[in-house]
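Chemist: Here it is, the structure, as structure tokens.
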Amino acid sequence: MVELKDIERYYQNGASKAWVLRNITAHIAEGEFVSIMGPSGSGKSTLLHILGMLDEPTDGEYWFLGEAVHKFNERRRTELYQQYLGFVFQAYHLIDDLTVYENLETPLLYKKVPSSERKSRIADLLDRFNMVAKKDLFPNQLSGGQQQLVGVARALIGNPRLILADEPTGNLQSPQAKEIMEVFQKLNKEDGVTIIQVTHSDVNARYGNRILHLMDGNVEREELVK
Amino acid sequence: MIKNYFNLALRHLSKNRTYAAINILGLATGVAACLLIFRLVRYELSFNTFFKNQDRIARVVTNDKSETEGEGFTPGIPVPAMDEMQQTVTQFAQFARIHTTWPTLSIPDPSGSSNAAAGRKFSTDDERETGIFAEPAFFHIFDWQWLAGDPKSSLTEPNSVVMARTMAEKCFGTWQMAVGQTVLMDNAVLLKVSGVVEDSPENSDFQCPLIISYATLKSNADLYGFHPEWGSTSSNDQAFVLLNDAGQWDAAVAALAKVGQEAHYKNSRGKRVHALQPLSDLHYDERYGSPAGTHVTRKNRLWVLSSIGLLVLVMACFNFVNLATAQAASRSREVGVRKSLGGSRGQLVAQFMGETGVIVTLAVAAGAALAAVCAPLLQYVSNVPNEQAFLSEPAAWSFLILTALVVSVGSGFYPALVLSGFEPVKALKNSITSRTVGGVSLRKVLVVGQFVIAQTLIIGTLVTISQVEFLQKMDLGFKPDLVYVIEGINSDSLNQSRFERFKNDLKALPAVKSSSFSSDVPSSGNNWASNFALGSTDDAPFNTFMKIVDADYFETYGLRLIAGKMIQPSDTARDIIVNEFMVKKLGYSNPEEVIGKKYRMGGGPLKPVVGVVADFTANSAREEMKPMAIFSRKEFYSTVGVKIAADNLPATTVEIQRLFESTFPEQVFNGQFLDERIAEFYRDEQRFSALCKGFAALAILISCLGLYGLATLSTVQRTKEIGIRKVLGASIGNVVGLLSKDFLLLVLLAALVAIPLAWYAMNAWLQDFVYRTALSWWLFAGTVGLSLVIAFVTVGVRTWSAARANPVRSLRSE
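This is how it looks when you write it as structure tokens:
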């Protein structure tokens, strides 16, 4: 599904280059649940952003479902994005001015999904995440765990084939974190959604089936989870 | 989607109330100002556009070009020239002469008594209305709405009159009663009402309640100053034409240019040519004036007003752009999230434009309401009548919708482009601050732009105020205060016989110091001119202007002799006084030199010059000093001036009125103090200066709203810095200074642009006046000082509270 070839990301700093990512080559197949780990500054968030098409590599090739993302313009990337990707953030990043319902609706509006289908999809997800009673609340009226549940639901609303999660439990206490990770695991196992997450936590990383360890912008080693 | 944007916009606004209030308030005032100006301009531009044949109608005018006197323009045509035109210019389908008059009407006593004073009296309202003598063709050229009578035959008979509805109602109760009735005009001419027309619309230059058949004029030539001679050009005698075809314009002008040339204009000094003035210029050309007493509006002034309105609106848009980009940083996270949810740039632009649209719609609605509330004020600063209905006109609506669209795009597009252009990763990391958005320099340029406009308007206002003041206080060469003037007296023989008695009766009143009959007051609209000779048998190379006065004129109006003596009391011209300007213009260095010289006016007899009067302002200060001859001739008196003592003015004027009404029972009393009458000359300037005041105030308000908004944002963004500086020992003054300094520099920068701009514009405006105030430096310095103070107060209010805040709290929250 995802094919990275010699991905590089650096910042030109006068004459010298500040490397963030270097020679990243990786393959992620459909249906995998991959965790990216590494110390602060190892480049894992940047890698995730590149995978999520929010950022561009300075060099190298990024193939997604056989298409050359690195050659796309912003409009094509947006199309691809709307069709296949969902993003979950550490800080939830819900839109403060919108209710839970409207937050879930936003990606569908961008995809121009017709109104009746929007309603049924949102109702479906609210059901699945037990949030029907909270649909008219604003994000600041929810607990952190609930907000992240909305974040996950919002990532799922467009029926993505790949979910990218940037430390999805980083701001949560462990019982809530466990709940979120179980949701991910279930999605991966039962619905076949491919998931790539960045995490600090070894425990969380082991919910997946493969771990990429990053160090100073390089893939230091790969580990298969038993 | 749209509902979503709309909701979001409303929520966003209610969360950011200051921001919303500043934007809506600023835009609303801008929109209201624009709408009012739109109304004013539209009204002025609508003049005379309702006549069916408007593109084929023209007025014949006279243009003089003389090497010594420059160019002269008048709507007056010598009557014989009209005859020639009618014969030689084949392009005219219709040709109608008119002769203007301001008559007094009385309704003869039904009992049949010939005593007019017993009946009721009416006069035309001098300010706005004019009676005209007109040929039947007048109604073929201009289509009036007829209530009774026939346009073809109503003016064919002598002594017939067509009345406008209101006049007919005044005279006879209802207009249906009018036709066939008789009225007495100027106590001399019996007129039979032959038709009634609807009143002219407000936007007509033909406010003529009385249209009298031209044949009536011919049979009362002396009474109405009808002189069918080539040498007599009076603006009372005008001619309107209807062309066969609008395409024949040039041919008609060419044919007109030949009229009178061979036989009459060839040997006169300079060159005289008749030309055509299209109906569409009638309301806007000051050189020729309006045919029937209404005001003339220079198109220039309309364009200036339109640009001011537009500038005020642009300033409000600047506010919007400034606040939106300065605030963009706080919305960067939202942009990042939306992009990560698959929002394309186009969709984000649409969202932000939608929000702008909501704000603008609210502002336009508020602006329309504000304009509706303020609309009645327009009548005090312009000629626009006060009508309730103007907001319901389709034009007003179209204007509002267009404004809303233009303002939405104009002020929303740039911020939307900036916001939607954020890179999602940076936006999500909150690494976008207002300093990196949209360029600080853009905001600075916009603030400078606003203050350039505001300061230019302030300087413009101060200059117009000081010019109006200057005009009112300037030395006119005579003393207009405490002179009570009654105008519009008919100089028929009956009235002439009463002049002396009236003066004697006045003299008996203790408060009256002196009184004088004359053709007009020293400073008037009168431009009566004639060829003349002085100290030579040949005509002088320029015309003389005339005042016809009795021997008490100088004392009553406070005119000053600089040589010779007063004219002798006389009913006819026995001797003459000229003004200083004429003496100089004739090339004499000493006024004494002309005393005793013989003077001839037109083809008249020789009279001695007995005195020279110090120059005085004979017309408005807009006109140049003119050579003037002053002499007596009873049959031209129509005005009496009474110099009175300062105490108990109301009692004195009542006494004068009582005396006047008993002496001249047929006359309608029309009295006024001379200084008030002179002030009316400058009503236009006063109105313009009042408008400028209003718009300068608006411009300041809007720029201050903008500054306040920017100061708010900058203090919020610098809260932490302020905290740190205070911990390091900065005083409140230091902090306020730090935060205000940048803004004040911008205001100073704006002054550098505004001063030359305003100087140039106002200098050009002042060129309209022969007598004008100096553009003094303190006007400019004062304006800069004033805007600095206003800006400092605006910014200071905001920064003061920030500077006083406890630093511990601001640092903790960071």
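Here the protein sequences line up with chains D and R, keeping their order. Under numbering that gives the first Met the number 0, the residues of the first sequence are numbered 0 to 225, in order. Under numbering that gives the first Met the number 0, the residues of the second sequence are numbered 0 to 813, in order. All C-beta atoms, glycine included, are put in the ideal place defined by N, C-alpha and C. Owing to the predicted nature of the structure, the values given are computational and were not obtained by experimental measurement.
Measuring alpha carbon to alpha carbon, tell me which of R:Glu354, R:Met162, R:Leu322 ends up nearest R:Trp143.
Modeler: It is R:Met162.
Chemist: Would you call the region 36-54 of chain D and the region 132-140 of chain D touching, i.e. three or more CB-CB distances under 8 Å?
Modeler: Output reads no: the region 132-140 of chain D does not touch the region 36-54 of chain D.
Chemist: Run the CB neighbour count on D:His26, radius 10 Å, all protein chains shown included, and call it buried at 16 or more, exposed below.
Modeler: It counts as exposed.
Chemist: Short check: CB of R:Val612 to CB of R:Leu690, under 9 Å?
Modeler: Cβ atoms of R:Val612 and R:Leu690: not closer than 9 Å.
Chemist: Between the Cα of R:Asp82 and the Cα atoms of R:Glu70, R:Val160, R:Phe239, R:Arg717, which residue gives the shortest distance?
Modeler: Cα-wise, what sits closest to R:Asp82 is R:Phe239.
Chemist: Taking only three categories from DSSP, how would you classify R:Gln350?
Modeler: Of the three classes helix, strand and coil, the one that applies to R:Gln350 here is helix, per DSSP.
Chemist: Kindly list the residues whose CB is nearer than 7 Å to the CB of D:Met214, restricted to its own chain and excluding five residues on each side of it in sequence; keep chain order.
Modeler: Around D:Met214: Gly37, Ser41.
Chemist: Helix, strand or coil for D:Asp5, going by three-state DSSP, please let me know.
Modeler: Note: D:Asp5 maps to strand in three-state DSSP.
Chemist: Verify whether the separation of the beta carbon atoms of R:Val447 and R:Leu697 is less than 9 Å.
Modeler: No, Cβ-Cβ distance for R:Val447 and R:Leu697 is not below 9 Å.
Chemist: Once the 5 residues before and after R:Pro479 are set aside, which same chain residues still bring their CB inside 6 Å of it?
Modeler: Excluding sequence neighbours, R:Pro479 sits near Leu673, Asp674, Ile677.
Chemist: Taking 9 Å as the cut-off, decide whether the C-beta atoms of R:Ser234 and R:Pro77 are in contact.
Modeler: It is not a contact, given that the beta carbons lie outside the stated cut-off.
Chemist: Which residue marks the beginning of the alpha helix (DSSP H) containing D:Ala122, and which one marks its end?
Modeler: Start and end: 114-127.
Chemist: Can you find a CB in chain A that lies within less than 9 Å of the CB of D:Ile195?
Modeler: Here the protein chains are D and R, and chain A is not one of them.
Chemist: To which residues does DSSP link D:Asn12 through a beta bridge?
Modeler: Per DSSP, D:Ser15.
Chemist: Tell me the rounded alpha-carbon separation between R:Tyr707 and R:Arg771.
Modeler: Looking at the two C-alpha atoms, the distance is approximately 38 Å.
Chemist: Please confirm if the region 680-695 of chain R is in contact with the region 367-383 of chain R, defined as three or more CB-CB distances below 8 Å between the two stretches.
Modeler: Yes: the two stretches touch, three or more of their Cβ pairs being nearer than 8 Å.
Chemist: Grouping DSSP H, G and I as helix and E and B as strand, with all else coil, what is R:Ile56?
Modeler: R:Ile56 falls in the strand class under three-state DSSP.
Chemist: Quick check on D:Asp190: does DSSP put it in helix, strand or coil?
Modeler: The answer is coil: DSSP assigns D:Asp190 none of H, G, I, E or B.
Chemist: Determine the direct distance from the alpha carbon of R:Val794 to that of R:Ile731, and round the result to whole angstroms.
Modeler: One C-alpha to the other measures close to 14 Å.
Chemist: Any idea which residues DSSP pairs R:Ser159 with across the strands?
Modeler: Per DSSP, R:Lys191.
Chemist: Is D:Asp58 close to chain R, meaning its C-beta is less than 9 Å from at least one C-beta of that chain?
Modeler: D:Asp58 does not count as touching chain R.
Chemist: Considering only the beta carbon of each residue, do R:Lys597 and R:Val608 sit closer than 9 Å?
Modeler: Cβ distance < 9 Å, so R:Lys597 and R:Val608 count as in contact.
Chemist: Any chance you could list the beta strand (DSSP E) runs of at least 3 consecutive residues sitting entirely within the region 598-642 of chain R, in chain order?
Modeler: Qualifying beta strand (DSSP E) stretches, in chain order: 605-612, 627-630.
Chemist: In chain order, what residues of the same chain have a beta carbon less than 7 Å from the beta carbon of R:Asp551, not counting five sequence neighbours either side?
Modeler: The answer, listed in chain order, is Ser513, Ser514, Ser515.
Chemist: From which residue to which residue does the alpha helix (DSSP H) around D:Leu97 run?
Modeler: Taken as a continuous stretch (DSSP letters only), D:Leu97 belongs to no alpha helix (DSSP H), as it is neither H nor E.
Chemist: Suppose only complete runs of 4+ residues qualify. What are the alpha helix (DSSP H) ranges in the region 689-728 of chain R, listed by chain order?
Modeler: Those alpha helix (DSSP H) runs which fall completely within the region 689-728 of chain R and span 4+ residues are 718-726.
Chemist: Looking only at C-alpha atoms, which of R:Phe477, R:Ile210, R:Leu222 sits nearest to R:Ala617?
Modeler: Ranking the options by Cα distance to R:Ala617, first place goes to R:Phe477.
Chemist: Look at the alpha carbon of R:Trp758 and the alpha carbon of R:Gln466, and state the distance between them as a whole number of angstroms.
Modeler: Their Cα atoms are separated by approximately 14 Å.
Chemist: At 9 Å on the CB atoms, spell out the chain R contacts of D:Asp96, in chain order.
Modeler: In chain order: Asn6, Leu7, Arg10, His11, Lys14, Glu333.
Chemist: For R:Ala95, write down the residues that DSSP places opposite it in a beta bridge.
Modeler: DSSP lists R:Phe239 as partners of R:Ala95.
Chemist: Taking the C-alpha atoms as reference points, what is the distance between R:Ala117 and R:Cys170?
Modeler: Caution applies to R:Ala117, whose pLDDT of 47 falls short of 50 and renders its modelled position unreliable; the value that the coordinates give is listed next. Approximately 14 Å between the Cα atoms of the pair.
Chemist: Skipping 5 residues on each side, what residues in its chain have a beta carbon closer than 7 Å to that of R:Phe389?
Modeler: Arg38, Ala374, Ala395, listed in sequence order.
Chemist: Since R:Val30 sits in a beta bridge, which residues does DSSP pair it with?
Modeler: BP columns for R:Val30 are empty, so no partner.
Chemist: Taking its Cβ as the centre, do 16 or more other Cβ atoms sit within 10 Å of D:Ile49, making it buried, or is it exposed?
Modeler: It is buried - the Cβ of D:Ile49 has at least 16 other Cβ atoms within 10 Å.
Chemist: Scan the region 144-156 of chain D for residues whose Cβ lies nearer than 8 Å to a Cβ of chain R and list them as they occur along the chain.
Modeler: The residues in question are Arg153.
Chemist: Decide if R:Ser517 is buried, meaning its Cβ has at least 16 other Cβ atoms within 10 Å, or exposed.
Modeler: So R:Ser517 ends up on the buried side.
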